[in-house]
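Heads up, the thing below is written out as structure tokens.
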Amino acid sequence: MKVENIIKSALLVILLSFLVYQSFIASAERKVDTTSEDQEASPEENKEETEQEEQNNQHDNNQSSENNQDNSANENNNEENNSNNETNTNESSNEKKYVALTFDDGPLPETTPRVLEELAKFNAKATFFMLGSQVEYYPQLAQQVAAAGHEVANHSQTHPDLTKLSLEKLEYQMETPRNNIEKATGIRPHLMRPPYGAVNDQVIAYAEKNNDSVIQWSVDTLDWQSKDPRAINDVIKRDVISGSIVLMHDIHPTTVDALPEALQYLSDEGYEFLTVSELMEITNQSGVGPIYGKVK
1 MKVENIIKSA LLVILLSFLV YQSFIASAER KVDTTSEDQE ASPEENKEET EQEEQNNQHD
61 NNQSSENNQD NSANENNNEE NNSNNETNTN ESSNEKKYVA LTFDDGPLPE TTPRVLEELA
121 KFNAKATFFM LGSQVEYYPQ LAQQVAAAGH EVANHSQTHP DLTKLSLEKL EYQMETPRNN
181 IEKATGIRPH LMRPPYGAVN DQVIAYAEKN NDSVIQWSVD TLDWQSKDPR AINDVIKRDV
241 ISGSIVLMHD IHPTTVDALP EALQYLSDEG YEFLTVSELM EITNQSGVGP IYGKVK
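Read left to right, the sequence shown gives residues 1 to 296 (my numbering).
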């Protein structure tokens, strides 16, 4: 009886072991099938991924090509702009610039010859608005100014405010210096600068009647009140533009001391030094009567 029980138990163990083994085999086969399916699907997925990558690469290449074309166009535009800028700069630098230096209240032996010397170093021509009283005292000096190629002009006889004069006194202040200048230089001037720049209807009418051009200024160096040549040159460097008429006086030592630097600066900046009449002719503003300030 015991032997039978042992045999039955052994058979039961064998049966259970067989069932477990079958279950293990089935499970392993399912795993193999799943792996095989995954392996079979991978090439398709890889192909799709490869095609997608190729499309992306092609897009990137196209984008890169477009960017290169844009960059090339920008470079061409920059080159054109640079070329245009260079052309404009060259045109600007080649444009002529003019300035008229004017000197009032002379001539005076202590300073006028020194002014002439400084102007000669730069072959600069200027306009001298002379007082008739000074020309009476120093006719040879007035003649020296004219002989050097400078323009001589009328600044009244004794430097009064012309707007406060009667017509008779105005005539004296205008005609006496005109005659004195003509006697000394052989030139009868028809440029007139009123003292202090003061004019009214009577002064303008008298100038028109006598074919005089009334000449003012556009740059006042204030050299009559400055004792520092640097202050005079600061005004010139700051305010002078092409067509400027610069007011100075050939009776002040400070003005003489300022001239070398002023002339050098204007020369370096490309200015051509003209008389007032030359400036008016070039700028097509010649005529009778108008007050000339800044010549454009």
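Backbone N, C-alpha and C fix where the C-beta goes; we use that ideal spot for every residue, glycine too.
Query	Result
With 16 as the cutoff for other CB atoms within 10 Å, does Leu266 come out buried or exposed?	buried
When we look at the beta-carbon of Tyr138 and count the other beta-carbons within 10 Å, is it buried (16 or more) or exposed?	buried
Scan the stretch 136–169 and note each continuous alpha helix (DSSP H) run of 4 residues or more that stays entirely inside, going in chain order.	139–147
What does DSSP give as the partner residue(s) for Leu101 in the beta ladder?	Val246
Taking the beta strand (DSSP E) that Tyr206 belongs to, which residues open and close that run?	Taken as a continuous stretch (DSSP letters only), Tyr206 belongs to no beta strand (DSSP E), being part of the alpha helix (DSSP H) at Asp201 to Lys209.
Do the CB positions of Thr275 and Ala142 come within less than 8 angstroms of each other?	no
Between Leu279 and Lys169, what straight-line distance do the alpha-carbon atoms span, to the nearest angstrom?	31 angstroms
Is Thr112 helix, strand or coil when you go by DSSP?	helix
Determine the closest residue to Thr221 out of Gln202, Glu208 and Ser244, with distance taken between C-alpha atoms.	Ser244
Just to confirm, are Val219 and Val246 a CB contact at a threshold of 8 angstroms?	yes
Would the stretch 185–200 count as touching the stretch 225–240 if we require 3 or more Cβ pairs under 8 angstroms?	no
Using only alpha-carbon positions, find the residue among Ser133, Leu162, Leu165 and Ile215 that is nearest to Arg178.	Ser133
With a threshold of 16 other CB atoms inside 10 Å of the CB of Ile241, please say whether the residue is buried or exposed.	exposed
Considering only the beta carbon of each residue, do Leu101 and Ile251 sit closer than 8 angstroms?	no
Count the other C-beta atoms from every protein chain shown that fall within 10 angstroms of the C-beta of Thr158, then say buried if there are 16 or more, exposed otherwise.	exposed
Closest by CA to Tyr206, which one among Trp217, Gln216 and Met192?	Met192
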